[in-house]
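Residue 84 in the UniProt record's numbering sits at position 84 of the sequence shown; the count goes up by one each step and never skips. By construction, the Cβ of each residue, glycine as well, lies at the ideal position given by its N, Cα and C atoms.
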Amino acid sequence: MSSFPTSTVLGYPRIGPDRELKRALEAYWDGRSTRAELERVGAELRARTWRRLAELGLEGLPSNTFSVYDQVLDTSVLLGAVPSRYRDAADPYFAMARGTEGRAPLRMTKWFDTNYHYLVPEIGPETEFRLDAGKPLGEVREARALGYETRPVVLGPVTYLLLGSALDRLDEVLGCYAELLSALAAEGVAWVQLDEPALVGDRTASELAAVRTAYERLGSMGARPGLFVASYFGSLGEALPVLAGTPVEAIGLDLVRGPVPETDLTGKTVVAGVVSGRDVWRTSPGRALAALAAVRASRVVVSTSCSLQHVPYSVAAEPELEPGVRARLAFAEEKVAEVVALAGADFLSPGFENAGYEVTGSEVAGFGGTDSEVAGFEGDGFGGDVPVGRPSVALPGPVVAGERSPYAVRAAAQAEHLSLPPLPVTTIGSFPQTGELRAARAAVASGTLSQAGYEHRVEAEIERVIRLQERLGLDVLVHGEPERNDMVQYFAEHLDGFAVTRLGWVQSYGSRCTRPPILYGDVSRPSPITARWAAHAQSLTDKPVKGMLTGPVTIVAWSFVRDDLPLRDVVLQVADAVRQEVRDLEAAGVSIIQVDEPALRELLPLRRAAQADYLEWAVAAYRRATSGAGDRTQIHTHLCYSDADQILDAIDGLDADVTTIESARSGARILGAVSAFGRGLGPGVYDIHSPRVPSAEEVESLVRRTVAALPVERVWVNPDCGLKTRTYEQVEASLANVVTAARRLRDELGA
Ligand SMILES: Nc1nc2c(c(=O)[nH]1)N[C@@H](CNc1ccc(C(=O)N[C@@H](CCC(=O)N[C@@H](CCC(=O)N[C@@H](CCC(=O)O)C(=O)O)C(=O)O)C(=O)O)cc1)CN2
Ligand SMILES: [Zn+2]
């Protein structure tokens, strides 16, 4: 077996440095282009990535890390797990990803603790696993034609089945993987990477036994490539000895999130993830080299801690960043350069371990100066170090919570103040983000539209949204968030301590991307952010307008965060800024304030041992943000994903007067769980991710179900999430049906 290359990355961004894939996908979906054109763009992006990685000097090039939508969906296709309802669709792949008229898409949920979403494998008794290796084989051949030997990356059998809640199907699925390995061997592939991130979570004894079974079986095959099992997003813990006991030749460890294990891995290759794929900070060569030197294995390969798909392409595209911040940053390209530089250092030579933290950047060719030489900063080279000349961190005071009266007192004050009808109809905040609004923001950035001209357009859009809601008959209105490019980036742009990028796009799902802000310093709010827009909206109508804020956990979860402070302290700083916003909205006459916290579950630590502590401070931060509101101000919160089961007590602990939560597609389960809260509840009545317009009957039956489960005076009627990705045409038709359904039920209840 040929030895593993000296340097590699576990995966790479694929949306394109200028979001070429996003544009190609949307053109194809809109019928402005063809599948062939989409394929052409994909091939171009793959070629570009291999070429760039090779140019940067990386030895081990991955393939099959590209996807036109999602790598988990690709794995379902690879294994033949395509539910029958999609088989006769015009394009089954995208029918699974996005649904069609009459066909619901696969369920989508968060990839571990990231803001990336995957499509959940739908595995049932009727699923017949059958290998379709076209994609990985095709990419190997495609790269070879360009002169590159690659290592195909495939999601591993155990993680795939755990994501699909079908580990009992291991035997069948292993048959497919075995066939895949034979096919790759026949193709002359030297190494294959099987990703098993699920192994960094708490695994039961039978799940660990499945790991052993899987890799004993695949490992004992005759003709096969070298097996590299990659773990990431944490430590393998008890799964490491299990994996080490199987014949796999290489094991990937996340040495950013976890320590170098004590386990003696002699006989194995360790692919050491010392360059973080989850943040944007330059790597400290001292720390990385010390970790590399400490690994006890027969061979140590330098790598990233996970795929680089979670970071933007290149800092080179961001000339406008403040130089002091920019100097600390490494995006995908720069991280590859770091991997290559580290692989060139002599970290395995005797005595190197002792050099440890003394090693500075200048000793590693390619790091561009020692850590301490980086302009304006001091410290060991990690991103979050406080810049010289700034006040050091103001630690938040005690976590205040529960200043508000008990719910019953608040509810009475709110009922009197707001006088809402039963089953009030509302939305989650955003209305369609039109091309005109996006173009207007781009025009301000390029200097062709004045700030005043832009604000005028935003006000006009707010008026349009208010009038539309009045016409449709909604009860609690929103301003529609037209001034926001994104619910997190917008706040980051108005807070001190954050930097934002121009082209730092990271894929969130399918063609949808975000530019995660960079939280590099102490956070504070120089001036009010949202009150003027909310006040403007309220001035246009007699109906209550709900103010709209993003919660502290979500702002931090969807940003790249300094790592020199405990996450808790960073979140509490953000909570204080949100608290000021709540106060200002209230003072501006806004009686209902929604503070969204859709990322509450996302930051939940993957290991149970750390979860309680997280939930305690996360809830405390939310209450710190919202508890400044008076009793008659109604606080709403919103969470999207329905996999809320693990955090129900925490959601309850937020103590919001009203909780709106995704529910349309997971119905009864979530309803049963959250109905115990004893406060207002708005389970979503339709899925906003699909262009489909729900009928009034369908909405009515969902509301009926909710009314049967809890006291009617606590029930709210609303969609699953914000409407920003939909068109006005879809939104008008859908909301009209929602109002019709609510009114029918109201009549029936005699209210
Ligand atoms: N941060 C974040 N994470 C989240 C969510 C979210 O809303 N925000 N929602 C959940 C689902 N994830 C989502 C992620 C992204 C989008 C989304 O709609 N993203 C937009 C981009 C939003 C944005 O930043 N828009 C900017 C820039 C838009 C743009 O592309 N401008 C053009 C120029 C304008 C023109 O001429 O058209 C360009 O740069 O080329 C703006 O509106 O200003 C997209 O991919 O299309 C939706 C949901 C979970 N995670
Ligand atoms: Zn949402």
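Report the CB separation of residue i from residue j in whole angstroms; it is logged as a contact under 8 Å.
i, j, result
"Tyr622", "Pro517", "With 8 Å as the limit, Tyr622 and Pro517 do not qualify as a contact, their Cβ atoms being about 20 Å apart."
"Arg19", "Cys513", "6 Å"
"Ala411", "Asp657", "7 Å"
"Arg601", "Tyr641", "7 Å"
"Phe4", "Thr213", "Rounded, the Cβ-Cβ distance is 24 Å, inconsistent with contact."
Any heavy atom of ligand 2 inside 8 Å of the beta-carbon of residue i?
i, result
"Asp596", "yes"
"Glu662", "yes"
"Cys176", "no"
"His636", "no"
"Cys640", "yes"
"Ile651", "no"
"Ile647", "no"
"Ile428", "yes"
"Asp643", "no"
"Gly722", "yes"
In the DSSP output, which residue or residues are listed as bridge partners for residue i?
i, result
"Ala413", "Per DSSP, none; premise fails for Ala413."
"Ser7", "Val302"
"Lys546", "Ile592"
"Lys110", "His117"
"Ala499", "Ile518"
"Leu681", "Thr659 and Val715"
"Tyr686", "Answer by DSSP bridge pairing: none, since Tyr686 is not bridged."
"Thr150", "Leu61"
"Cys513", "Gln507"
"Thr127", "In the DSSP output, where bridge partners are listed per residue, Thr127 has none listed."
"Gly672", "None, per the DSSP bridge assignment."
"Ser446", "Looking at the DSSP assignment, Ser446 forms no beta bridge with any residue, so it has no partner."
"Val425", "Val717"
"Gln480", "Sequence check: residue 480 is Gly here, not Gln. Gly480 pairs with Ser430."
"Arg103", "Thr100"
Under 7 Å Cβ to Cβ from residue i, same chain only, skipping five residues before and after it: list those, please.
i, result
"Ala239", "Leu199, Arg203, Leu208 and Val211"
"Leu181", "Val192, Leu218, Met221, Arg224 and Pro225"
"Pro432", "Leu723, Lys724, Arg726, Thr727, Tyr728 and Val731"
"Ser2", "Ala190"
"Leu585", "Thr530, Ala531, Ala534, Gly547 and Ile593"
"Val506", "His310, Val311, Pro312, Cys513, Thr514 and Pro516"
"Phe112", "Pro197, Phe233 and Leu606"
"Ala413", "Asp631 and Arg632"
"Pro526", "Asp496"
"residue 752", "The structure shown does not extend to residue 752, since the chain spans only 1 to 751, so no value can be given for it."
Please list, in chain order, all residues of the same chain as residue i whose beta carbon is under 8 Å from its beta carbon, the five residues on each side excluded.
i, result
"Pro241", "Thr263"
"Arg169", "Ile123, Thr127, Phe129 and Leu161"
"Thr266", "Arg296, Ala297 and Ser298"
"Ser508", "Asn115, Tyr116, His117 and Thr514"
"Arg85", "Arg103"
Can you give me the Cβ contacts of residue i inside the same chain, cut-off strictly under 6 Å, excluding the 5 residues immediately before and after it?
i, result
"Gly384", "Its pLDDT being 40, under 50, Gly384 is placed unreliably in this model, and the coordinates cannot settle the point."
"Asp613", "none"
"Thr501", "Glu318 and Arg515"
"Leu342", "Ala288 and Val302"
"Arg257", "Gly234"
"Thr659", "Thr637 and Leu681"
"Arg46", "Phe66"
"Arg568", "Trp617"
"Gly684", "Glu662, Ser663, Ala664, Pro719 and Asp720"
Does any CB atom of chain B fall closer than 9 Å to the CB of residue i?
i, result
"Pro241", "No chain B appears in this structure, which consists of one protein chain only."
Less than 8 Å separating the Cβ of residue i from some heavy atom of ligand 1?
i, result
"Gln433", "yes"
"Lys22", "yes"
"Met548", "no"
"Pro719", "no"
"Cys306", "no"
"Pro516", "yes"
"Asn115", "yes"
"Ser508", "yes"
"Met96", "no"
message: As an exercise, report each continuous beta strand (DSSP E) stretch of at least 3 residues that is fully enclosed by the region 613–667, in chain order.
response: Runs of the beta strand (DSSP E) inside the region 613–667: 634–639 and 658–661.
query: What are the uninterrupted segments assigned as beta strand (DSSP E) that are 3 or more residues long and contained completely in the region 259–294, given in chain order?
result: Runs of the beta strand (DSSP E) lying entirely within the region 259–294 and spanning at least 3 residues, in chain order: 265–275.
4-residue-minimum alpha helix (DSSP H) runs that sit fully inside the region 172–257, ordered along the chain: Complete alpha helix (DSSP H) runs here, min 4: 205–219 and 239–244.
task: May I have a chain-ordered list of the beta strand (DSSP E) segments no shorter than 3 residues that lie completely inside the region 28–84?
output: Under the rule that a run must span 3 or more residues, the beta strand (DSSP E) segments found entirely inside the region 28–84 read 61–63.
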